[in-house]
Amino acid sequence: MKNLEQYLEVSAEVKQALAEGKPVVALESTIISHGMPYPQNVETALNVEKVVRENGAVPATIAIIQGKLKVGISKDEIDYIGKKGLQVIKASRRDLPVLCARKEDGATTVAATMILAHMAGISVFATGGVGGVHRGAETTMDISADLEELSETPVMVVCAGAKSILDLGLTMEYLETKGVAVFGYQTDELPAFYTRKSGFKVDYRMDTPEELARVFHVKEQLGMRGGMLVTNPIPEEYAMDHDYISKSIEEAVEEANRLGIKGKETTPFLLDKIQKITGGTSLEANIQLVYNNARLASAIAADLSKC
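Using the numbering used here, the first residue of the sequence shown is number 19, and each one after it goes up by one.
If you want it as structure tokens, here you go:
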């Protein structure tokens, strides 16, 4: 892309790995700034990178720092984003040119991470959960830009399903309309972030990383636009009871409605509220499912590098 080099900065390690055809896994930064408190956010981010390395891939944590679109940020930069926390702008597609022009900081959402990963040539991205259609969206039209990005940008997103604070039925319908297939890793049922159950079926079950890599490779060979959504259930030992977490979410949603919280503030508020309701259990579950997704994404990236 013309003039991209003046805005995009890929770390030397990531650049070398891509040039040599080694597996690389993109990681988002909103989980650092908006996902949990400091210093736990920084510790988790560094541990996710460690998990990726231990599973044979190179991690590329993505963020916007002083207007630079950075793919593969340093430990100091992760600490910088973590300390600033909620002061960092939660950046989606629409925010990228503004942050670059103003030379400001931004923590990338799923949508923005997909965009920057694709710019750098990275095909696999591990995150916690994707955004989706919010409850009550039939009147509010509150639908995450993550879903639109999945229909446009050729990056495979490995997650623990859509966040369970969402309307999962409408999220699945929206993805179908946009032509985005939802894959379940070793499951027929859509996982719902904190819990392995949702009551909704995935489009396709895949039992090995190799199968997922092969499908993505064929999609690329066919010249089809858009990404792939791989849903990987939270490990059994960290999964929360479906009824318990559903009740906690209902309480949090009711409070958000009562306080008039809307738009991009909704998800951080709900996740924080659920953490308090569950006495921190949801935060530990969140951390463990991210590690689990990083392991799977690394295995897929390794198989994809052999295609």
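We put the CB at the ideal spot given by N, CA and C, even for glycine.
For residue i, tell me which candidate among the options has the shortest Cα-Cα distance.
| i | options | result |
| --- | --- | --- |
| residue 322 | 229, 27, 308 and 51 | 229 |
| residue 174 | 151, 217, 204 and 244 | 244 |
| residue 247 | 309, 130 and 202 | 202 |
| residue 46 | 63, 104, 171 and 233 | 63 |
| residue 29 | 240, 211, 103 and 88 | 88 |
| residue 110 | 99, 119, 133 and 313 | 133 |
| residue 211 | 21, 124, 38 and 301 | 301 |
| residue 298 | 40, 21, 44 and 58 | 58 |
| residue 162 | 156, 254 and 151 | 151 |
| residue 183 | 290, 50, 66 and 234 | 290 |
| residue 155 | 131, 191, 168 and 304 | 191 |
| residue 251 | 272, 224, 275 and 267 | 224 |
| residue 164 | 157, 180 and 158 | 180 |
| residue 215 | 264, 236, 221 and 193 | 264 |
| residue 48 | 75, 158 and 285 | 285 |
| residue 157 | 147, 127, 130 and 188 | 188 |
| residue 76 | 43, 310 and 121 | 43 |
| residue 83 | 140, 119 and 313 | 119 |
| residue 185 | 311, 218, 204 and 198 | 218 |
| residue 86 | 125, 143 and 200 | 125 |
| residue 127 | 196, 56, 108 and 136 | 108 |
| residue 101 | 261, 123 and 117 | 123 |
| residue 172 | 148, 135 and 146 | 135 |
| residue 69 | 319, 325, 256 and 310 | 310 |
Specify, as a first and last residue, the run of the beta strand (DSSP E) that residue i falls within.
| i | result |
| --- | --- |
| residue 86 | 86-89 |
| residue 81 | 76-83 |
| residue 232 | Element bounds for residue 232: not the beta strand (DSSP E) but the alpha helix (DSSP H), 227-239. |
| residue 48 | No beta strand (DSSP E) holds residue 48; the alpha helix (DSSP H) holding it covers 48-51. |
Can you pull the DSSP bridge partners for residue i?
| i | result |
| --- | --- |
| residue 114 | Paired residue(s): none; residue 114 is not in a bridge. |
| residue 247 | 175 and 200 |
| residue 210 | 213 |
Which class does residue i belong to by DSSP, given the choice of helix, strand or coil?
| i | result |
| --- | --- |
| residue 203 | strand |
| residue 183 | coil |
| residue 27 | strand |
| residue 62 | helix |
| residue 22 | helix |
| residue 222 | strand |
| residue 242 | coil |
| residue 15 | Residue coverage of the chain in this structure runs from 19 to 325, which leaves residue 15 outside it and unanswerable. |
| residue 98 | helix |
| residue 54 | coil |
Starting from residue i, trace the alpha helix (DSSP H) in both directions and tell me its first and last residue.
| i | result |
| --- | --- |
| residue 44 | Per DSSP, residue 44 belongs to no alpha helix (DSSP H); it is in the beta strand (DSSP E), 42-45. |
| residue 319 | 299-322 |
| residue 198 | Careful: residue 198 lies outside any alpha helix (DSSP H) and carries neither H nor E. |
Residue i CB to nearest chain B CB: under 7 Å?
| i | result |
| --- | --- |
| residue 284 | The structure shown has no chain B; it contains just one protein chain. |
Segments of 4+ residues assigned as alpha helix (DSSP H) that fall wholly inside the stretch 253-296: Annotation: the stretch 253-296 contains the following complete segments of the alpha helix (DSSP H) (minimum length 4 residues), in chain order: 260-277 and 284-295.
Taking only runs that begin and end inside the stretch 101-169, name each unbroken alpha helix (DSSP H) of 4 or more residues, in chain order. Taking only runs of at least 4 residues, the alpha helix (DSSP H) segments lying wholly in the stretch 101-169 are 114-120, 128-138 and 155-158.
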